[in-house]
Structures are given as structure tokens and as C-alpha cells.
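The structure appears right after this line, and notes come after that.
Number of protein chains: 2
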Amino acid sequence: MQVVGHKVPAKNALDKVTGGKGYAVNIVLPGMLHAKLLRSPYAHARVLAIDTSAAEKYPGVKAVLTAADVPQRLFHPVYFTPPETEEMVKDMQILSDRIRYAGQPVAAVAAVTAEIAEYATGLIEVDYEELPAVFTPEEATREGAPQLHETAVRNIAKRRAEEMGDLEAGFAEADYIFEGTYETQRVHTCYMEPRMVVVDSDYQGHLTVHSSNQQIFGLREKLAYALGIPQTRVTVVKPPYIGGGFGGKLDLGHIEPLAALLSMKCRKPVRIEQSRYENFITTARHPSKVTLKTGVKKDGTFTARYIRSVMDVGSHSTHGPMVMLALGAAAMCAYRCPNIKWDGDLVYTNNMMSGGYRGYGSPQAIFPIESQIDEICDELGLDPIEFRRRNAHQEGDANPFNPEIPLTTYRYEECLQQGAERIGWPRRAAAGADAGVKKRGIGLATQPFWVSGCMGVPDFYEHSGAIVKFNPDGTAHLSTATIDLGAGQNTTFCQIAAEELGLEKDQVFMSPYADTDILPFDAPTHASRGTYCSGTAVRAAATAAKQRLLQVASGMLGVSAEELEVSAGIITVKGSPGTAVPVSEVTRTAELPFIVQTADGPVPTSRPEDKGTIIGVASLAPPSNPSPASVEFVEVEVDTETGIVEILRVVFAHDIGKVINPIAAEGQVEGGFQQGMGYALMENLVFDQEVGTCLTSDFLDYKMPTSMEMPSDIESIFIESNEPSGPFGAKSLAEPCLTVVAPAIANAVFNATGARVRDLPITPEKILKALGKL
Amino acid sequence: MQVVGHKVPAKNALDKVTGGKGYAVNIVLPGMLHAKLLRSPYAHARVLAIDTSAAEKYPGVKAVLTAADVPQRLFHPVYFTPPETEEMVKDMQILSDRIRYAGQPVAAVAAVTAEIAEYATGLIEVDYEELPAVFTPEEATREGAPQLHETAVRNIAKRRAEEMGDLEAGFAEADYIFEGTYETQRVHTCYMEPRMVVVDSDYQGHLTVHSSNQQIFGLREKLAYALGIPQTRVTVVKPPYIGGGFGGKLDLGHIEPLAALLSMKCRKPVRIEQSRYENFITTARHPSKVTLKTGVKKDGTFTARYIRSVMDVGSHSTHGPMVMLALGAAAMCAYRCPNIKWDGDLVYTNNMMSGGYRGYGSPQAIFPIESQIDEICDELGLDPIEFRRRNAHQEGDANPFNPEIPLTTYRYEECLQQGAERIGWPRRAAAGADAGVKKRGIGLATQPFWVSGCMGVPDFYEHSGAIVKFNPDGTAHLSTATIDLGAGQNTTFCQIAAEELGLEKDQVFMSPYADTDILPFDAPTHASRGTYCSGTAVRAAATAAKQRLLQVASGMLGVSAEELEVSAGIITVKGSPGTAVPVSEVTRTAELPFIVQTADGPVPTSRPEDKGTIIGVASLAPPSNPSPASVEFVEVEVDTETGIVEILRVVFAHDIGKVINPIAAEGQVEGGFQQGMGYALMENLVFDQEVGTCLTSDFLDYKMPTSMEMPSDIESIFIESNEPSGPFGAKSLAEPCLTVVAPAIANAVFNATGARVRDLPITPEKILKALGKL
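Going line by line, the protein sequences match chains G and H. In this text, residue positions in the first sequence follow the numbering used here: the first is 3, and each later residue adds one. In this text, residue positions in the second sequence follow the numbering used here: the first is 3, and each later residue adds one.
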């Protein structure tokens, strides 16, 4: 292949790293107002009265909204499944008189500057009736606890149970039974570009929306639903790129409908940008507590597993039901096990809402599962690689989540083997065997099976579309609604189109701006779907454009289109490479008038039916979203006096089918490690336990790994299976390279020191405690 | 038909009349700089030296450009024919050291505000060598006159001669020969929204262009050519609407490449807006002098015509060669005449450049032709209606401009007859017969044959494209690169799409923003092409979308797509209206996931191959652009003491095929009358005859007809022929309703008073002179 598989750097990297104009946060519209939200200091309260008169009178203030001014319909903010689907819970309102978390918006003020709007929120007088609050699932589900939502008895937002085989018989069959409880914390996605929106209403109430959201069609539907207006009264503009999302920009927030209502009221564009603090308190990965009971035979074969998960969804359910389902699915499907049961509870508390975050339930499942495997192997003296190989699915098995689809490509074992080779697995010693104060150890974790969307979960929106258009100079433009979150999707898609069109790698451009009015539908950029799902649509649109190209060329060369092929920008007759015409000549001719005037007089240009822009369009549902395999080895050094963990070396091995752009794939893996390392060792949103207020206010007190903490040595191995249903053999990557990091580090820390930490983050304090030093 | 032919008001009228955000002139980009141009006070000069140091040092100034800083390649600014075509003359430069008209840009300054930029232009010191200048074609073509361009001997920019038949024999055959010379003045298009541009260069030098131009693809090509960069480094954004164009925004000006170069230099968006004065001095309708010698038989049949035209193109040729050709074509083709010759000269002078203006050469041809017919009829006692009928082309005749195409629909005679009836032609008295000081009269003028683009002139760009996309709620969006200049194209296209799709009139929306990266090619909105050419593409795209719609519906209804039809939003089985499904159900289902969860469990939604957005695309060259017929009757009252002309009543009769939107068609006719009336009676750009400086500075000293001068009584009759090649039988209108106004008024003034004025505008002074009162 000429373009696919080659390293292609992103075209607009310089613009992006310099805070470029393409970010939605840089949008400025003429006459634009700025709005700020007044947020409740109480975690649970009723608003008895609001006096906005002083704010309204303040110079520069243009409008104030309270619950009385906004539609009171309940909505759920996540565009994952159609509105008909029962799975999601409609429990949100644009503004409500009932406060359920500290920071919930109570009012919104639009003014000529953000500073005036901010100041005027302080002039609003609110009379609250404080209500008793609950901050843990244990408290919330206790008899007599205050109930947050009418429909949720004992604050169970959603309960789900799944069983396969016979659990009791499975445990009876086991030689050993292991049980442990694993906890994870609340972390934030930490996209660099804040959540923001500019909504511009025209005089007819048509809304044009600029946003850093991860979706344009989802945002259109959700915003229209919350406002109670037709979708076609909303146009959402796709920015060229956004500054990260990681699942944290996959819902309708308060800011979008509030900006819309303020814009409709003021007949001016209204901008709302969330502060870093507001970003922190409006979405997070669900904290979880998973109890895992596992029966194994002596040789390490699973006989039974029981998973009980409790997740704190916070004040509103948002993504919760789907994240919980994903946790259950990841836990149940990762390995073969004939008897398995999962009980999941999603619990409302007066904490901030949880949301979507890369991994989407899997990190909370894989940390327990992979930690426990290590515990079992250590206890039974089994090799962790052999143990996993024994229990893993095999290529050709049925998809454990949807038996109608086989695992066509699944190179998990080769990932294990090559990863082990590169990390130097044989030098791994027994746990805590390293002498001295600074102890080294090697850990392993894997996400062998990944539940993706599409036919894996066929009730998700997964359709994609693309438009491929030739320019007269023989280059082409590609347009798609899929948003590049920073993972290089735009470059990858251009490579797929270029390969299919027979162009060079720099001859296909991504159309930077487009909107929901012109683009074919696309699901949000979520669920590791870009390369496979959108890539399939991009290739199909390119195929359509190529067909038209060859049809026009056939008129010029006097042969049938079927006899033609195109490569490196040249169309040739198959078998007669001498008979050729450049793509640029065909595209130019197609757009010429019927005749051109030349020195020799008028000359006809081509057949009348071959006139026009050469363009292809595709909109389709991809056939599947096949599972990649993700294996990670990590070597650490733990200072047993300070408890500080240093990452020395990381080896990832992935089967993601054909790698379209190695630079982008490696970038995904390295970024995944960084987020996983933060989750494993340091990140945590901290709350006042009495009143529920978030104490983490900005990046100065939210510790993430930076280049200072990142290991310099991350090796990515790609086992290139050739997925037959994927574009040029590709599968998607994205999430599984994150989910394995925390257990791999936990296992490496254990291997180094013998200290097992079962709750994240694995802080120095916890290590020292586990070592009996604190 | 359900939608076509019905009156549909424009959706965004309120936004437009309130100076809405959709105008490109309202674009604001973050960090945007403002640029102003320093213009030469001399009409002919050489720049010997420029000192920009003071301007560069002035606080807030970010960049200054002179000729030394810009590419010196010659270009022609008009996108009408491909670059290969010899017809156009490359004689312009972005900035040049050779000044050829008073007001030619010499330097450009970008600064943080427009005021600073303007002030800083005054700090630039220019050392000019003044050269002798010529301000009339007579002076310019005189032996020894200063030569403006190296390639143009005696300042003839272009000379063209065409002959049919045997002119001498024709005159020999004539019973009478009439000869007269007719002159027209320099008028401005007077679009309300000024020419402006914002160019935004990214770090890679990719340019995004916002402009009020009448074209996006033409602007892309022309700008790239002038800068010497690939077209694909330029993205031109289509605004939802522009504030008029009338042909005055059909070229590349100085401002677009200057804004681009300044933006590349400063790495910030740069905005240039022309002041009203700058608009006046950068484009105008070519002043002309036409001598018309006509041989007729006693019964009024033409035997021979000789046309000699001289047009003052000003300093640079721009549209000139094509406008001259259009003048010649309009003069030669209007009526049947076996022996005809045209000599045309286009002459450079040191006046401002002429440009495109609605009618494009036709007003300069039709004023002499229709005036002279009236003179002949008056002299020979013939009826002007009968005279025209005798000499007109007939339906079925060959197209006089391209004999391969017949005049399929051509209801000129019915237009004459019905117009005459409505104006009350029989009450028309002899010239000057009305007694009293205020004399009334009735005049007639026609543009029987209109030379349009497409196959009529097959070396014009006339391709059009469209994308039609269904929304899940069963409505549809339409996208096209054709720009709505204010004539209601957006509404007309939505009607065509709705009719074809079987939707209601309010169920198709025009996608407001899109750009050259995503849209299929479209020729500029020029040459009366919108309804016919773009409308053909819109209908084809709708047909493609409908086919896909019926295919998906066929899966739902279990019948073949061929058995289905759609109307008023309902798809039915032909002959079995009981078996039906709403369009909205089909479009919704197509975008649903494979299965949906319901109370009864998971339910499959449709065949996998029917998933995806229902979308259709078309890009094509329309087969022709058939001629409308335009007939105008006007009744005036002339005050013979003051010379003031009042328009009492106007009757227009047109064959424009099927009328898609009667509101828009009537609006075209009324707007055409207004511009024609200004041309006929009052408009004129005034220049200092010594130094060539334009003295008309704004609308206070450029007199146009306003609602105060407009007649309240304008009647539009449409003879609805059914053009087989047009969308739903439609032809275009646009220009011919303007070209007939000046001669109709001149003829009415003559009929009222007996005073014949052969040079426009027909001012009170000229009337009084003709009456011998001055």
C-alpha cells in the first residue's frame, strides 16, 4: 500500500500546539454576549425563592435566567442510544429548583463581558432550604436515607444482573476460590480545551451552535430535545479540531441549553466557557467498588466468577447506566469462563455527576480482574502469561458479547509473546525479591477482549458518513462529521481516502469546517470507533468518487471504466501502462466548459455526461467494531522509604489490525499510558466530606503526569492482523491501551515490593502502609 | 404541483432587513486585523519611491505592503472562462508601480483597528512621476496618445468584428436607412453590502476566505492564481446571503489578495472593507457609444444592420472583452436580420475600471436598438408592436447564438399581446399629442432574445452542483455553492427540492454555511443562470435522494422501490394508497441502530443495507440556458416646464417558463425596473475631467430611485411556457427585465413630448434641451 501504513504527521500540528484558531474556544461572533452560571453552595437543597432584580439592573447585564424561565422537561444528556431506549434515565433539567450537588447551576446571567456576568451572578439572592445529603453509596442506599429522585427507591439509579452458566456449580468445581474488593477513585478527563459553547439564534429562533463537544449530531438532538424544539432548528458546526475530550464532552451540559435560551432572549450570540473548576465538577470517571470472587482449577483455568459492582453516579445518572453495563460486560467477557454472574448497582449520591471517560467502565473492571489474576498466580505459583493464555478467547471464537459475530482477527497470544520478549520477562523475579531500598519489578496486564459498539452492541448509534470530492487539480477533499479529538483521526481518514483514490498522501485534505446541515450523520467520536467505523464510511465515499473518476477517464481514454485502475495519481489501462491519463487531467476536464477556445479554435472538452465535480458520498452502518487485543508490560522502581514509584520502561503490544498511521497509533498508546498512569498513581478529585464541595480547583492541585513523570521508554508493538471487515484491514484502538495501565502498574509495584494495593490511586502512603511502614 | 408555482416568502427576511449576521460584512474573527489601502491621487503615474517607515513604526500597525512585497504576476480577475481562454486579458497586478487610474492602490496597511490603518496610510510617502492621461476613448485612440498597456496599441484593449450575410446587399435592398448614435453613462451597481473580505491564514499558509463575492469557486481560483499558490490552499466560505451584487462582485479585486498577503505575513485574520467611495471607483457599467445603421423595407422588415460600438473599459480590461461580446451578441441576435455586421472596440483610458453589471453589455445594446425601432416606427407610421412581431424570432427557430439548439419555448408574441392589453395600448396617442404642461405618453421596449451562458455560449463555466440530505424527522437540507444575491435563489431552490422530494414547502432548508472544500463546483451567480442551471442540479440531487428514500422505504413496505411514489411527506404504493409510510418514519428508521430496545425486548429496525443518512448529490453541466422573453410597457408623465419625468404605470410581460416562486419573480422584475429607471433617468458617476478623480463620494451625491420615485403600479405578467429542459419547466429571468427599462422610458418620454434623448441619463436638462427650452 502506498499511503496506508506509512507514518504521516498531522498537517496542522503547529496551529494546534499554539492554541490555534480552529479550536471552538476561539470562536468570536459579532455582538457576542458572555454568560456565567450561579451555582449552588449546597449539595442538597430546595430553592425557595430567587431575587434577580439587582443582577438584572446591573449595567451590562442583558438577561438572567432561573428555573422559572426555562423548560422544565426532564431529559437525559447522552446521545448513545435512540430516545426510545429504556436504558438511559431522564433525570436532568436545564435549571431546577431542586439542588442535588454542590455546584449545580441555579441561574445564568448574560452580559456584555464575562467579568460583568460573573459579578452579576453574585448579585442574585437565593433563599435555599438545605436538605440532608448523602455522599457515599453506602449512606445513600441505607434505609431512611434522603431520596434524591422520585423514581429511584433507596437511590438505586439502575440495577442490573447478568448470568451465564451455573455459578454455584462453577464454584463447586473450583480447586481454589479467591475474593477481593477493589476500589477506584473519581478522576477527571482533563481535556485541555474547556467545555464551551457559543449559540447564535437568528430572528426566527434558528440556533447555530459552536462547541468543543465530541459530537455534532448528538449535540443537535440532545439540545433540541431539552429545549423542546425540532432538531432542524439547530445547526451544530464541526470545528477543525478540539482540545481533547476523552469522553468528557459526550453529553449535553447545562451550558448549551442555557446559552441557547439566552441567545433566543437577547437575539445575540451567547458564549459560555466553563472554568477549570466547572470542568472538574461537571464530569468525572465513576468511582467504583468491585468485589470479585473467582474459582480456578489448579492449572489456572477459570471455573466461576462472581462480580459485584457498585458505582457512585452522583447527582444525576447521565452516562451511568451505560458505563455500568460496560463495566459488567468488560468483566464478564474479558476471558473465557463458563459460569459467571454480575450484579451491578448504580447509586445516586449528592456528589457531582459522573460521566463518560475513556475506557467507559472498563478501567473499573480491568483493574480488579488483572490485579486478581496476578494475586492468583502469585499464590498458586503460576506464570501470569501462561495463565492468561489458558483463559483467553481464541481467534474464530464467537464474539462473547454477540455470538452472531466471530472474532475474525484476534492475535492476543502473539501480543503476549512479543511483549514478554521485549520487556525481558524471564528476568522477572519473585515478588519483593529485589534487594535494597529501591526495588524493581515487572508487571503485566491485558484487556484481551474489548466490547466495542456497532454490531457488538447493536443498539448503539454507530453510523458514519463521508463526502469525498475531487478538486480540479487532482487533489481531493474529505468531509466527515467525525470529530478529531486530538488522536489524529483527520490524518488517518485522509490516508484511507488517498489509498482508495490512488492519490499520494499529501493529496487528500480534511475539510475543516462543516455542519449538521450538510454532513451525513455520524455517531459521536466515542467507543473506540473512529478508524474502524468512520474509516469504513470514508473508504466507501472514496470508492464512489473513484468510480465516477474512472467513468470520466473512460470517456477520455476510450475504454470502459472497468479496464482502468488508478495509482499514485495516474489512471492506467490495466495491462497497458502506456495508456494513461493523470487524475488531475481528468478532474480538470470534468469541470471545464463544454468547449474551450484555443489557438486552433474551439475544442470540445469531454462527453456532456462527464461534466461536473467528481464527488462521492457514503453513509452507512459499519458491519461490526471488532475487538483489538491490548497487552502491557511495565517495569517500575519503588522507593521503599518514600513509597514513590518511578516508571522505568513500558512495552505495549496491540493487535489493532492493519495500522493506518503508525505515528497516530503510537500517540494513542503513549497518551493512554499517561492517563492510565495518572489514574494508577496520583489523580484524584478531592471533596469536603461534610458538605460535598469539590476542593480541587485547578491543575495546581490536581496532579497529573507531565513530561517530568512520564517514562522516556515506551515501546509500542503492533501485531498487524488483517481484519477483513475493516478499512484496509484496520481495527480501532483508543481505549484499551488506557484500561490496562493501572493494573499493570499495581502488579509491577507488587512484583517489586510484595505490597498489594487494591484501591486507586496507588499513592506513596498506601504503598508504605502496605509495607507496614506507616 | 404542490410547491413549485406557489408563493413562498423568504425564510430569513427579518434577519436580512435588519442587517443580519449572515452577511459576510458582519464576520468577526479572533485577533482580526483591519487593513486600508493607500490609493493614488494621479490617474496616470509612475511610482518612483515609497517610504513606509513612518507607517510601519506607528503604534498598532502590523504590516505594510507595497508593490515590492507582492507577486508581480499579471492576472485577469474574472472567472468566466477557463484560464486557457484567449478572450480575457491579463493586465492586472495586486500592486504595481505603474498607476493607471486615480484611486489605484499603491500600498496596504494592516493594523489593530481600521482607524489606525487608515491614519497610517497617510504616513506613507510616495514619490510619483505624473504621466499624461487620457479620459475618453477618442483621446485614447488618437495617434500619439499615451499608451496604457504595452500590449494594447493605441489603447485598443480588444477589437472584435462579426458579420452575417452581406451587409452592402442588405442596405441596397432597404427602402429606408436610419442611423443614430446612442450613448450610455458610467453607473455603479450599488449593492448595499460593501465589497469586503476577511482572509485568515493558518501557520501552514492555508487561507480561509470570507467574502461578499458572488462566487466561491471563482474567487478560489482567481485568488490562488494571483498569489501563485495551489487552489487547494484556499477555502472560500459561502455566506448565507449577501447584500446584493448585480455583477459588481464578480471579480477578484485588490482587497482579496492584499488581505491574504497581510494575513500570511501577520498570521492573523485580516479584514478589508471597501468604503462606499472605494466601491464606486472599483467597478461600474461600461460607458458606451453605439452607432446603429439600419435598413428596413416599407413594411418594417429589417434588411441590414450595422452596429459600431466603442466601450470605455478604463484602466484595466477585467470584464471588458466579455461585456463587449455580450453587447455585440445582444445587438446582433435580438431580432431576425439576414445581413448584419458588428464592429466593437474596447478602449483603455485612465478612468476607473469598468466591470460586470446586470445586463452585461445588453443595456448598452438594447437602448440603441429599441430606441431606434421607435424612431423608425414614428417616421414610417408603423405600429411598434407589429414592427417587433414581424422581425422577432419564432418558437422553434434555431438559437441565433448557437444553431445547434432550437428555441424550444419562446412566447414573445404573447408577451407583446398581453402586455399591450394591460397597459391599454390603443389609447396611446401620437408623439407629443397630449395637451398641457404635463404630458403623458406610453413607451414599449423588449429584449426578445437573451444570450445566456451554458450551451448558448458553451465556453462559459456553467456547471452546478447540490447536496440534498434528509434529516431524521423527514425534513431535508439542501446545500449548494450558488450564492443568493438577494433574488430569492435559496427559496426557489428549496421549492424545487421539496417538489421533487414530495415534501411540503416548509420542509426543505437551505444549509446556510458551506465552503469550497465540501460543496460541488458551481459557476458564479451570474448571467441569469440560477433558477435554470443551479435549479437543474438541485433537482438532480433531490432525485438521487428520493431514489435512496424509496429504496429504504421498499425494505420497510416489502415492495420494490419502483412501485413507490411520494407526495406531501407520505410514501405510498402506486395504486394502493392504503399501503403507506410517512417519509419521517423512513428517514428516522434509516438512522436508527440495527436494533432498538423496547418494552417487548430488542427489535430489529431495518435491513443493514438501508442504514445511514439518506443523501443525494449531483454535479452536472446543464444542457442549455434557454432565452426568456422580456417585454415592458411604461406610462410616463413629463413636466415640460421642469423636464421632470414621473413614472405612472409599468407593465412587464415575461416568458420565463414555469414560474417557481411568483414572489421572487415579481421581486426580480420590480428590482430590475428600479435599476433600469436609475440608469434611464438619474444615475451617473461624475469625474473631474482634468485629473480623472471621481467626484461622486457616497449615496448623498449618487442619485438612485428610492421608494419616493418608484411607481406604485408595476404589473408583472408571466406567460408560463413549459421549458422541457428546465427544472419543472422553468427558465431563468434576472437580467432582461432590467435591460428594457431605459429604452421603454426613452420611448415613453418621446411619445409624451416628442423629445428624443439619445444619451443616458435622460435628465430634465436634456429633455428641456430637446424641447428647445434650454
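C-beta atoms are modelled at their ideal positions from N, C-alpha and C, and glycine is treated no differently. As the structure is a computational prediction, the values presented were derived from the model and not from experiment.
Original post:
Does residue 202 of chain H come within less than 9 angstroms of chain G when only Cβ atoms are used?
Top reply: yes
Short CB-CB distance (under 9 angstroms) between residue 596 of chain G and chain H: yes
Would residue 396 of chain H be called buried (16 or more neighbouring beta carbons within 10 Å of its own) or exposed?
With fewer than 16 other Cβ atoms within 10 Å, it is exposed.
* Asked: What are the boundary residues of the beta strand (DSSP E) that includes residue 446 of chain G?
  -> That run of the beta strand (DSSP E) goes 440-449.
Under 7 angstroms Cβ-Cβ, which residues of chain H neighbour residue 486 of chain G?
Near residue 486 of chain G there are no residues of chain H at all, since even the closest Cβ is about 15 angstroms away, more than 7 angstroms.
Query raised in the report: For the alpha helix (DSSP H) that residue 553 of chain G lies in, which residues bound it at each end?
Result: 537-559
task: With residue 376 of chain G as the anchor, note down where its alpha helix (DSSP H) starts and where it stops.
output: 364-382
So residue 705 of chain H contacts chain G; which residues on that side make the cut at Cβ distance below 9 angstroms? What residue 705 of chain H touches in chain G: nothing, since even the nearest Cβ is about 32 angstroms away.
Do residue 478 of chain G and residue 509 of chain G have their C-beta atoms within less than 9 angstroms of each other?
yes
Along chain H, which residues have their Cβ under 8 angstroms away from the Cβ of residue 481 of chain G?
519, 520
- Message: On the DSSP bridge list, what partners appear for residue 583 of chain G?
- Response: G:573
* Asked: For the segment 484-496 of chain G against the segment 510-530 of chain G, are there 3 or more C-beta pairs whose distance is under 8 angstroms?
  -> yes
I'd like the list of long-range same chain contacts for residue 154 of chain H, defined as Cβ closer than 7 angstroms, with 5 residues on each side in sequence excluded. 350
Return the residues of the segment 23-40 of chain G that lie within a Cβ-Cβ distance of less than 7 angstroms from chain H, sorted by chain order. Listed in sequence order: 23, 28, 30, 31, 32.
ask   = So which of H:691, H:717, H:704, H:706 has the shortest CA-CA distance to residue 671 of chain H?
value = H:717
(message) Taking 7 angstroms as the limit between beta carbons, can you name the residues of its chain near residue 417 of chain H, skipping five residues before and five after?
(response) 631, 633, 655, 656, 657, 721
With residue 51 of chain G as the anchor, note down where its beta strand (DSSP E) starts and where it stops. For residue 51 of chain G, the enclosing beta strand (DSSP E) stretches over residues 47-53.
- With a cut-off of 9 angstroms, does the C-beta of residue 622 of chain G fall near any C-beta of chain H? yes
Next item on the list: Using a Cβ-Cβ cut-off of less than 8 angstroms, give me the residues of the segment 313-327 of chain G that come near chain H, in sequence order.
Entry: none
| query | Looking only at C-alpha atoms, which of G:359, G:49, G:234 sits nearest to residue 475 of chain H? | reply | G:234
- Residues of the segment 468-480 of chain H with Cβ closer than 8 angstroms to any Cβ of chain G, in chain order: 469, 471, 473, 474, 475, 477, 479
- prompt: Shorter than 9 angstroms from the beta carbon of residue 60 of chain G to some beta carbon of chain H?
  reply: no
| message | Does the CB of residue 464 of chain G have a neighbour CB from chain H at under 9 angstroms? | response | yes
* **At least three beta-carbon pairs within less than 8 angstroms, the segment 221-228 of chain H to the segment 277-292 of chain H** => no
_List, in chain order, every chain C residue whose beta-carbon is nearer than 9 angstroms to that of residue 603 of chain G._
In the displayed structure, chain C is absent; the protein chains listed are G and H.
At the 9 angstroms Cβ level, is residue 276 of chain H part of the contact set with chain G, yes or no?
no
Three-state secondary structure (DSSP) of residue 713 of chain G:
coil
| query | Using the beta-carbon of each residue, which ones in chain G are nearer than 7 angstroms to residue 4 of chain H? | reply | Correct list: empty, because the minimum Cβ distance to chain G is about 20 angstroms.
ask   = Ends of the beta strand (DSSP E) at residue 651 of chain H?
value = Looking at the DSSP string, the run of the beta strand (DSSP E) that includes residue 651 of chain H is 647-657.
### Task
Please state if the CB of residue 108 of chain H and the CB of residue 69 of chain H are separated by a distance shorter than 9 angstroms.
yes
Checklist entry - Are the Cβ atoms of residue 383 of chain G and residue 753 of chain G separated by less than 9 angstroms? => result Their beta carbons are not under 9 angstroms apart, which means residue 383 of chain G does not touch residue 753 of chain G by this criterion.
| said: I'd like to check one pair, residue 454 of chain H with residue 468 of chain H: are the Cβ atoms closer than 9 angstroms? | reply: no
Checklist entry - With burial defined as no fewer than 16 other Cβ atoms inside 10 Å of the residue's Cβ, what is the status of residue 601 of chain G: buried or exposed? => result exposed
message: 9 angstroms is my cut-off, CB to CB: does residue 492 of chain G come that close to chain H?
response: no
Here's a check: name, in chain order, each residue in its chain whose Cβ is nearer than 8 angstroms to the Cβ of residue 616 of chain H, leaving out the five neighbours to either side.
471, 472, 547, 550, 551, 554, 588, 589, 592
At a CB-CB cut-off below 8 angstroms, which residues of chain H make contact with residue 17 of chain G?
204, 205, 206
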